[in-house]
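Asks: Pasting in a structure now, in structure tokens, and then I'll have a few things to ask.
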Amino acid sequence: MFKRLRENPVEAVTITVDGSALKARAGDTVAAALLAHGVSHVRTTPVSGAPRAPYCLMGVCFDCLVTIDGVGNRQACLEPVRDGMRVETQHGKRKIGS
Amino acid sequence: MTEVAIGDAYDVVVIGAGPAGLASAALAAEAGASTLLVDENAGPGGQVYRAITSTPVEPRDALGSDYWLGSDLVERAQRSGARLLLGAVVWTLDPDLVVGISYRGRAQLIQARRVIIATGALERPFPIPGWTLPGVMTVGAAQTVLKASGLAPASATVIAGMGPLIWLYAAQVLRLGGRIDAILDTTPMSNYIGALRHAPGFLLSPLRAKGLSLVREVKRRVRVVKNVTALRAEGDTVLRRVVYMSGGREQSVDAATLLLHQGVVPNVNLAMAAGVKHAWDPVQLCWSPELDADGGTSVPGIAVAGDGAGIAGAFVAEERGRLAARAAIRAILPHAPLEDDQSIRNRLTRHQLGRKFIDTLFQPPRQFRIPEGETIVCRCEEVTADQIRATAALGCEGPNQMKAFLRCGMGPCQGRLCGLTVTEIIADVHGKAPADIGYYRLRPPVKPISLAELAGVQADEAATKAVVRL
Chain A
1066 MFKRLRENPV
1076 EAVTITVDGS
1086 ALKARAGDTV
1096 AAALLAHGVS
1106 HVRTTPVSGA
1116 PRAPYCLMGV
1126 CFDCLVTIDG
1136 VGNRQACLEP
1146 VRDGMRVETQ
1156 HGKRKIGS
Chain B
30 MTEVAIGDAY
40 DVVVIGAGPA
50 GLASAALAAE
60 AGASTLLVDE
70 NAGPGGQVYR
80 AITSTPVEPR
90 DALGSDYWLG
100 SDLVERAQRS
110 GARLLLGAVV
120 WTLDPDLVVG
130 ISYRGRAQLI
140 QARRVIIATG
150 ALERPFPIPG
160 WTLPGVMTVG
170 AAQTVLKASG
180 LAPASATVIA
190 GMGPLIWLYA
200 AQVLRLGGRI
210 DAILDTTPMS
220 NYIGALRHAP
230 GFLLSPLRAK
240 GLSLVREVKR
250 RVRVVKNVTA
260 LRAEGDTVLR
270 RVVYMSGGRE
280 QSVDAATLLL
290 HQGVVPNVNL
300 AMAAGVKHAW
310 DPVQLCWSPE
320 LDADGGTSVP
330 GIAVAGDGAG
340 IAGAFVAEER
350 GRLAARAAIR
360 AILPHAPLED
370 DQSIRNRLTR
380 HQLGRKFIDT
390 LFQPPRQFRI
400 PEGETIVCRC
410 EEVTADQIRA
420 TAALGCEGPN
430 QMKAFLRCGM
440 GPCQGRLCGL
450 TVTEIIADVH
460 GKAPADIGYY
470 RLRPPVKPIS
480 LAELAGVQAD
490 EAATKAVVRL
């Protein structure tokens, strides 16, 4: 579990994660915003369905893949939060045409 | 939002805005070259100076004085006239110096006269049982959210591994009121003996005083378990505890967060996909590009600077960046005024003092590089050490053949988190050196790009020929 060092005066951005609103600091990446709110995992794997959370936070491990504004497999650690952004966790294999 | 066209041709394209990229782009632009500096992150600085222009962390000195040196590098690059393009992903670089970037959902190709790859390092894979569990991440990852978002561990947290970053990160967290419960140090006792013969260089290096004072600062406040010889992360769907061996005894510590680190290795994906020749480094235990004294590679026009050229740290990265930029300028703008390079080379030599000592002391032991049993090696495709060993024993000779059997290295990370482990396991099974086993053949796109973006690339004659093979 991670905490913000200062209860930030500028929790200025609101995103939704699987439909629930979540406040983030402008300048956070999506992955940082999820970690700050104690989200335990962001996806389950296509192979075994095991839960995964961000691991490297620098764009190389691809464990933090989420759907952002309808586009799947985005790296949450590289994507800055924007007001109104819709984030969805991913479950297992992605389905084609759904 | 106003869009300023990126342009489709530059004298110099620099890939990666860490210390090497910032220094080289600044020098190239100051000498009069049209220069593009591309980075996939939202801000400049790379990993070492991450969020240097935006960090919310206060007080400033909690991150250490070395961190703030990044400000000057960024300012100089910004003043230099180089075009700094952030949030842009490079997905291909070919030997004709065509750079493919993806920016705001659009892909395009840029022709360069010289390319400097400054994509830096990534943390060495640390394949232990349970390293895929939520709650387990790297020390570098934790430091990234500390610098960029001001996040620190607040519940039971264990750090395991070896290397300077562990002590720097722990000190930063403690100064800021975060929580570290224990450090499990995996440095083998034998490494201290091996490193002794390189001690003279280290004693002369400023790294010595800095390193020792960090270790002292941390040890005053955190329990440090030395000589840890085995590690595993346990939990059902999240991490619950870390089990470790020390002094021949198995012990366990409850934890919600486990931060792993055993050094960094060059991030080779882009350079290898561009056809740059690499060789196995038997001391740093990783692949490094074969380079001339200015960072020039086996591919004419492409140089590698920074930790991607072999791990040497931020100060060396900066000087390597300048040397690569000078070589580019000499080649394409022979009349541009350039200062003598002696002062750069002198600084380079000074900052390399002590490197052999550090490389030897922090060479990760075999059991944390070459796993056995059910330990996952390829995180993307969930391939275990046993599967790779069994397949190698069947006669599979190298990582590329291993892909066909097991799909290891074929997931989205493209081998970044398993490549070194797979090479070393196959080498182990066949009793060969990693140099004789080789690495995954890497191909573009080196980062994922959507078909729609690819289809949207302006198809000129050269691009069409490349695809249709007319």
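Residue numbers (the numbering used here), protein chains in the order written: chain A, 1066 to 1163; chain B, 30 to 499.
Just so you know, even glycine gets a beta-carbon here, dropped at the ideal spot from N, CA and C.
(1) Under 8 Å between C-beta atoms, does residue 1141 (chain A) make it to chain B?
(2) Short of 8 Å in beta carbon distance, which residues of its chain neighbour residue 1091 (chain A), apart from the five on each side in sequence? Order them along the chain.
(3) Quick one: using the 10 Å Cβ neighbour count with 16 as the cut-off for buried, is residue 371 (chain B) buried or exposed?
(4) Compare the C-beta of residue 1090 (chain A) against all C-beta atoms of chain B and say whether one is closer than 8 Å.
(5) So does the segment 386-405 of chain B actually touch the segment 433-441 of chain B, counting three or more Cβ pairs closer than 8 Å?
(6) Need the endpoints of the alpha helix (DSSP H) that residue 81 (chain B) sits in, please.
(7) Can you give, in chain order, each stretch of the beta strand (DSSP E) that sits fully within the segment 143-231 of chain B and has at least 3 residues?
(8) Taking 8 Å as the CB-CB limit, is residue 152 (chain B) close to chain A?
(9) Give a yes or no on whether the minimum CB-CB distance between residue 315 (chain B) and chain A is below 8 Å.
(10) Quick check on DSSP: helix, strand or coil for residue 469 (chain B)?
(11) List the residues of chain A that residue 167 (chain B) touches, going by C-beta distances under 7 Å, in chain order.
(12) Please report whether the beta-carbon of residue 1152 (chain A) lies at a distance below 8 Å from any beta-carbon of chain B.
(13) What does the alpha-carbon distance come out to for the pair residue 1088 (chain A) and residue 170 (chain B)?
(14) Where do the ends of the alpha helix (DSSP H) carrying residue 334 (chain B) lie?
(15) May I ask which residues mark the beginning and end of the alpha helix (DSSP H) holding residue 245 (chain B)?
(16) Determine the chain B residues that contact residue 1100 (chain A) at a beta-carbon separation under 7 Å, and present them in chain order.
(17) Keeping to the same chain, check which residues put their C-beta closer than 7 Å to that of residue 80 (chain B); ignore five residues upstream and five downstream.
(18) Is any beta-carbon of chain A found at less than 8 Å from that of residue 30 (chain B)?
(19) Whether or not the segment 129-136 of chain B and the segment 1093-1105 of chain A are in contact is what I'm after, with contact meaning three or more pairs of Cβ atoms, one per stretch, closer than 8 Å; do they touch?
(20) Over the uninterrupted alpha helix (DSSP H) stretch that includes residue 429 (chain B), give me the two end residues.
(21) Considering only C-alpha positions, which residue in the set B:287, B:268 and B:258 is nearest to residue 276 (chain B)?
(22) Could you check if residue 369 (chain B) is buried or exposed, using at least 16 other CB atoms within 10 Å of its CB as the buried criterion?
(23) Can you tell me whether residue 1113 (chain A) is buried or exposed? The criterion is at least 16 other CB atoms within 10 Å of its CB, across all chains shown.
(24) Please state if the CB of residue 467 (chain B) and the CB of residue 427 (chain B) are separated by a distance shorter than 8 Å.
(25) Does the Cβ of residue 448 (chain B) have 16 or more other Cβ atoms within 10 Å, making it buried, or fewer, making it exposed?
(26) Rounded to whole angstroms, how far is the Cβ of residue 357 (chain B) from the Cβ of residue 341 (chain B), which I believe are closer than 8 Å?
(27) From B:37, B:47 and B:462, pick the residue whose C-alpha is nearest to that of residue 105 (chain B); which is it?
(28) Figure out for me which residue from B:345, B:194 and B:366 has the closest Cα to the Cα of residue 50 (chain B).
(29) Is residue 120 (chain B) near the ligand SAH, going by C-beta to nearest heavy atom under 7 Å?
(30) On the three-state DSSP scale, how would you describe residue 483 (chain B)?
(31) Measure the C-alpha to C-alpha separation of residue 42 (chain B) and residue 112 (chain B) and round it to an integer number of angstroms.
Replies: Let me lay it out:
(1) Locating residue 1141 (chain A) in the first sequence gives position 76, where the first residue counts as 1. It does not; no Cβ of chain B falls within 8 Å.
(2) Start at 1 with the first residue of the first sequence, and residue 1091 (chain A) comes out as number 26. 1075, 1077, 1078 and 1146, listed in sequence order.
(3) Taking the second sequence and counting its residues from 1, the one referred to as residue 371 (chain B) is at position 342. So residue 371 (chain B) counts as exposed.
(4) If you number the first sequence from 1, residue 1090 (chain A) lands on position 25. For residue 1090 (chain A), the answer is yes, since a Cβ of chain B falls inside 8 Å of its Cβ.
(5) In short, these stretches do not touch, since the Cβ pair count stays below three.
(6) The count along the second sequence starts at 1 and reaches residue 81 (chain B) at position 52. No alpha helix (DSSP H) holds residue 81 (chain B); DSSP gives it neither H nor E.
(7) Counting only runs of 3 or more, we get 150-152, 165-167, 180-182, 186-191 and 211-214.
(8) If you number the second sequence from 1, residue 152 (chain B) lands on position 123. Judged by the 8 Å Cβ criterion, residue 152 (chain B) is in contact with chain A.
(9) The residue you call residue 315 (chain B) lines up with position 286 of the second sequence. Residue 315 (chain B) does not count as touching chain A.
(10) Here residue 469 (chain B) corresponds to residue number 440 of the second sequence, with the count starting at 1. DSSP places residue 469 (chain B) in coil when its eight states are reduced to three.
(11) Indexing the second sequence from 1 puts residue 167 (chain B) at position 138. Under the 7 Å cutoff, chain A gives 1120 and 1121.
(12) The residue you call residue 1152 (chain A) lines up with position 87 of the first sequence. Taking 8 Å as the CB threshold, residue 1152 (chain A) stays off the interface with chain B.
(13) Numbered from 1 along the first sequence, position 23 holds the residue referred to as residue 1088 (chain A). Numbered from 1 along the second sequence, position 141 holds the residue referred to as residue 170 (chain B). Going by the C-alpha atoms only, they are around 21 Å apart.
(14) Looking up residue 334 (chain B) in the second sequence gives position 305. First-last for residue 334 (chain B): undefined, no H or E at that position.
(15) Position 216 of the second sequence holds residue 245 (chain B). Residue 245 (chain B) -> alpha helix (DSSP H) spans 235-248.
(16) As a working note, residue 1100 (chain A) is residue 35 in the first sequence. Against chain B, the beta carbon of residue 1100 (chain A) has neighbours under 7 Å at 174 and 180, listed in chain order.
(17) Sequence index remark: in the second sequence, residue 80 (chain B) carries index 51 (1-based). Short of 7 Å from the beta carbon of residue 80 (chain B), and not among the five residues preceding or following it, lie these beta carbons of its own chain, in chain order: 72, 74, 176 and 177.
(18) Here residue 30 (chain B) refers to the residue found at position 1 when the second sequence is read from its first residue. Here residue 30 (chain B) scores only 41 on pLDDT, less than 50, and its place in the model should not be relied on; the value that follows carries that caveat. By this cut-off, residue 30 (chain B) is not an interface position.
(19) Cβ pair count under 8 Å is below three, so no.
(20) By one-based count along the second sequence, residue 429 (chain B) stands at place 400. That run of the alpha helix (DSSP H) goes 428-435.
(21) On the second sequence, residue 276 (chain B) is found 247 positions in, with the first residue counted as 1. Residue B:258 is the option with its Cα nearest to residue 276 (chain B).
(22) By 1-based counting over the second sequence, the position of residue 369 (chain B) is 340. For residue 369 (chain B), the number of other beta carbons within 10 angstroms of its own is below 16, and it is reported as exposed.
(23) Within the first sequence, residue 1113 (chain A) is the residue found at index 48, counting from 1. Residue 1113 (chain A) is exposed by the Cβ-count criterion.
(24) Along the second sequence, read from residue 1 onward, the residue named residue 427 (chain B) stands at position 398. Along the second sequence, read from residue 1 onward, the residue named residue 467 (chain B) stands at position 438. Cβ atoms of residue 427 (chain B) and residue 467 (chain B): closer than 8 Å.
(25) Here residue 448 (chain B) refers to the residue found at position 419 of the second sequence. Counting Cβ neighbours within 10 Å, residue 448 (chain B) comes out buried, since at least 16 surround it.
(26) Mapped onto the second sequence, residue 357 (chain B) falls at position 328. Mapped onto the second sequence, residue 341 (chain B) falls at position 312. So it is not a contact: roughly 20 Å between Cβ atoms.
(27) Here residue 105 (chain B) refers to the residue found at position 76 of the second sequence. Of B:37, B:47 and B:462, the residue nearest in Cα terms is B:47.
(28) One-based indexing of the second sequence puts residue 50 (chain B) at position 21. Looking at the Cα atoms, B:345 is the closest of the given residues.
(29) This structure lacks the ligand SAH; in fact it carries no ligand of any kind.
(30) To locate residue 483 (chain B), count along the second sequence from 1; it is residue 454. The answer is helix: DSSP assigns residue 483 (chain B) an H, G or I state.
(31) Stepping through the second sequence from its first residue, residue 42 (chain B) is reached at position 13. Stepping through the second sequence from its first residue, residue 112 (chain B) is reached at position 83. Residue 42 (chain B) and residue 112 (chain B): Cα-Cα distance of roughly 10 Å.
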